[in-house]
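Taken in order, the first sequence gives residues 6 to 568; the numbers are from my numbering. Structure, as structure tokens:
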Amino acid sequence: MSSEQPASPVSPADFIRQRITADRAAGRHGGAVVTRFPPEPNGYLHIGHAKSICLNFGVAEEFGGRCFLRFDDTNPLREDETFVQAIREDVAWLGFDWGDRLTHASDYFERLHACAVELIRRGLAYVDHLSAEQIREYRGTLTAPGRESPYRARSVEENLELFERMRRGEFAEGECVLRARIDMASGNINLRDPTLYRIRKVAHQRTGEAWCIYPMYDFAHTLSDAFEGITHSLCTLEFEDHRPLYDWLLDQLDLPHRPQQIEFSRLNLAFTVTSKRKLSQLVERGIVAGWDDPRMPTLAGMRRRGYPPEAVREFIRRVGVTKKENTIEMGALESAVREHLNVHAERRLAVQRPLKIVLENWPDGQTETVSLPNHPADPARGSREVIFGRELYIEADDFMEDPPRKFHRLKPGGEVRLRGAFIIRCDEMIRDETGQVVELRCSYDPETRSGASGADRKVKGTIHWVHAASAIPVELRLYDRLFSAADPDGQGDYLAALNPESLVTLTGALGEPALAALGPGETVQLERAGYFTRDAASATGVLVLNRTVTLRDSWARLEAAAR
RNA sequence: UGGGGUGUAGCCAAGCGGUAAGGCAGCGGGUUUUGAUCCCGUCAUUCGCAGGUUCGAAUCCUGCCACCCCAGCCA
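As structure tokens, then:
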């Protein structure tokens, strides 16, 4: 993947890369760079995770280091092995390779337990029999200090015995926990004797019934970093005030390595949500078709939508890494997608909402073949032959009976070029009983065939078309933003901000025959309409195309501005 | 009344005491058989605000303001 160099000027190193460079210059960690991407297997990865993945794997790659893919599976209540597989696929799809460095926090349960015992021995942890509610009360508030638990003064021997009994399952869930003994008066609530282990009498997806006590995030994560020799533990801003606890744990135990935590701001995208809770709610309530619904900001959704992984990476690169809260506009992502697809996707013709036209001066029953380039800017990609004849379909939007000024498509008595073929003139409109125009009678100019001597005659517009008899039916799924508010959470209930038109399905569309050869997941540009990707998940039979992204459309902008 | 962070254009983002990079969006123009692409031009006398230091401040100091995160036996 590193073979692709972005065309854009080199971006300056972000603060994290600057810091790593400084660490290496100072000889810290022996110059090594080891990172990790630590997802919890309780949901699918989304665009926010892509930032973390690109950062962690990217940094390791750039500095000749290593990156672990570590599943943070310390809470068997919420996690599931099926998510592990999905996450592996997503990381691989994005273009990163963890080699033999796929680990689980649960791989370290035994060592983690030994560390907990060591903390108890050093008088730095105790078994607390306060209830969850009492612990909360004793913790104090943001502005008032907490109080010490009456169990805080238990002896090392008693704590050792109690913790062992916790492990053996002699206590019920919630009866007691293991806590660190730090400072109940700290201004940082994470230091008010945080819970290290809790009892969960449920089978773990990987360790089965081996354990009934499970480590908490701060404990497991910090020590896993140390065990794996992580040098730079990169995480998001909300963990900033966990860093003192992270460092405290590293200070108290004799560990082989001393990692450092560095925080950066998470990526927020306008007009969507990226909280796992909300995304799973969309799936569970059937608001979207699944985690891989093309409207979802998940990697699986973007893949099915047709976003190239290169474009996602380029987008992440453009967005940068800082500590500032941010909300990135959708346009930035779409721009990266268009930029990649513009050079890589072949061109095809299809009509989204067909309007029939008949060329009355074209001999009945006769057809000809016209040649269309697969990529106008890249002749090496060849061309294809398309049948042309008397009965065709054009885009309904490309005809207006009473058009505004500067509308240079087809109008009564007007001329337009059919892409790659002839110039035609609209002679007559056929209406149904309601007065609706349902068909156009036209005539073509035989001198204007593309490539012929008369073809240089200028007309204002060029529109796309398909040949009626040879066109194939296609189903087009037109996607738009999932929410109609830039910040769906802004008004409280994010579900109220759902965009009712986030999916419009066009079942009557017609495409040129070459579209039948499109493979699942393959993307083409339907000229003047947008980039479309053959759906990889829908049943065979109908050809289903997902609209990946529209083309930039300055006419649509003019129209909108006029209104 | 606590602790931790962040403020540079509509959205991102460089800058690290020597006179505001770049991208996205926008705007103007050129090319074009995709109203696409491509090309050219334009877009911050000013960096949250107010003082101070300095020949010189977005960068250093002081004070203020705004916004975000933290009171799970979640991660």
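All C-beta atoms in this analysis are idealised placements derived from N, C-alpha and C, irrespective of residue type, glycine included.
Neighbourhood of residue i by C-beta, 7 Å cutoff - its chain only, sequence neighbours within 5 removed
{"i": "residue 138", "result": "none"}
{"i": "residue 350", "result": "528, 529, 530, 536"}
{"i": "residue 380", "result": "351, 352, 386"}
Residue i CB to nearest heavy atom of the ligand GDP below 7 Å
{"i": "residue 358", "result": "Ligands are entirely absent from the displayed structure, and the ligand GDP is therefore not among its contents."}
Helix, strand or coil at residue i according to DSSP, with G and I counted as helix
{"i": "residue 76", "result": "strand"}
{"i": "residue 553", "result": "strand"}
{"i": "residue 294", "result": "coil"}
{"i": "residue 143", "result": "helix"}
{"i": "residue 564", "result": "helix"}
{"i": "residue 187", "result": "coil"}
{"i": "residue 559", "result": "helix"}
{"i": "residue 539", "result": "strand"}
{"i": "residue 626", "result": "Residue coverage of the chain in this structure runs from 6 to 568, which leaves residue 626 outside it and unanswerable."}
{"i": "residue 114", "result": "helix"}
{"i": "residue 378", "result": "strand"}
{"i": "residue 86", "result": "helix"}
{"i": "residue 329", "result": "coil"}
{"i": "residue 43", "result": "coil"}
{"i": "residue 391", "result": "strand"}
{"i": "residue 359", "result": "strand"}
{"i": "residue 547", "result": "coil"}
{"i": "residue 66", "result": "helix"}
{"i": "residue 373", "result": "strand"}
{"i": "residue 38", "result": "coil"}
{"i": "residue 523", "result": "coil"}
{"i": "residue 312", "result": "coil"}
Status (buried if at least 16 other CB within 10 Å, exposed otherwise) for residue i
{"i": "residue 251", "result": "buried"}
{"i": "residue 280", "result": "exposed"}
{"i": "residue 14", "result": "Residue placement at residue 14 cannot be trusted, given a pLDDT of 41 that sits under 50; the coordinates are not used to answer."}
{"i": "residue 383", "result": "exposed"}
{"i": "residue 520", "result": "buried"}
{"i": "residue 164", "result": "buried"}
{"i": "residue 494", "result": "exposed"}
{"i": "residue 560", "result": "exposed"}
{"i": "residue 547", "result": "exposed"}
{"i": "residue 428", "result": "buried"}
{"i": "residue 409", "result": "exposed"}
{"i": "residue 441", "result": "exposed"}
{"i": "residue 61", "result": "buried"}
{"i": "residue 320", "result": "buried"}
{"i": "residue 99", "result": "buried"}
{"i": "residue 17", "result": "exposed"}
{"i": "residue 517", "result": "buried"}
{"i": "residue 7", "result": "With a pLDDT of only 37 at residue 7, under the threshold of 50, the placement of this residue in the model should not be trusted; the figure read from the coordinates follows. Label assigned to residue 7: exposed."}
Proximal residues to residue i (C-beta, below 6 Å), its chain only, five neighbours per side dropped
{"i": "residue 219", "result": "79, 205"}
{"i": "residue 304", "result": "50, 95"}
{"i": "residue 515", "result": "356, 359, 398, 471, 476"}
{"i": "residue 446", "result": "363, 365, 432, 433"}
{"i": "residue 83", "result": "47"}
Best match in the options for proximity to residue i [C-alpha to C-alpha]
{"i": "residue 367", "options": "393, 513, 130, 380", "result": "393"}
{"i": "residue 272", "options": "248, 263, 302", "result": "302"}
{"i": "residue 459", "options": "451, 254, 540", "result": "451"}
{"i": "residue 122", "options": "156, 259, 550", "result": "259"}
{"i": "residue 314", "options": "66, 553, 236", "result": "553"}
{"i": "residue 245", "options": "443, 103, 195, 278", "result": "195"}
{"i": "residue 89", "options": "71, 98, 109, 72", "result": "109"}
{"i": "residue 312", "options": "341, 325, 21", "result": "341"}
{"i": "residue 33", "options": "209, 167, 234, 268", "result": "234"}
{"i": "residue 461", "options": "474, 395, 295, 425", "result": "425"}
{"i": "residue 19", "options": "242, 254, 269, 40", "result": "269"}
{"i": "residue 483", "options": "499, 221, 555, 241", "result": "555"}
{"i": "residue 481", "options": "310, 454, 81", "result": "310"}
{"i": "residue 499", "options": "509, 487, 506", "result": "487"}
{"i": "residue 437", "options": "396, 151, 361", "result": "361"}
{"i": "residue 93", "options": "70, 44, 68", "result": "44"}
Own chain, CB closer than 8 Å to residue i, minus 5 neighbours either side, in chain order
{"i": "residue 36", "result": "29"}
{"i": "residue 418", "result": "430, 431, 432"}
{"i": "residue 491", "result": "275, 276, 332"}
{"i": "residue 126", "result": "161, 165"}
{"i": "residue 159", "result": "131, 132, 167"}
{"i": "residue 508", "result": "300, 482, 483, 484, 485"}
What are the start and end residues of each continuous beta strand (DSSP E) run of 3 or more residues lying completely inside the segment 432 to 513, in chain order?
Runs found: 442 to 450, 470 to 472, 477 to 484.
Along the chain, which unbroken stretches of the beta strand (DSSP E) at least 3 residues long are found entirely within the segment 189 to 214?
Those beta strand (DSSP E) runs which fall completely within the segment 189 to 214 and span 3+ residues are 200 to 204.
To test your reading of the DSSP string, which unbroken beta strand (DSSP E) runs of 3 or more residues are found completely within the segment 236 to 281?
Fully enclosed beta strand (DSSP E) runs of 3 or longer: 237 to 241, 265 to 269.
At 4 residues or longer, what runs of the alpha helix (DSSP H) sit wholly inside the segment 118 to 174?
List check, alpha helix (DSSP H) in window: 137 to 143, 161 to 173.
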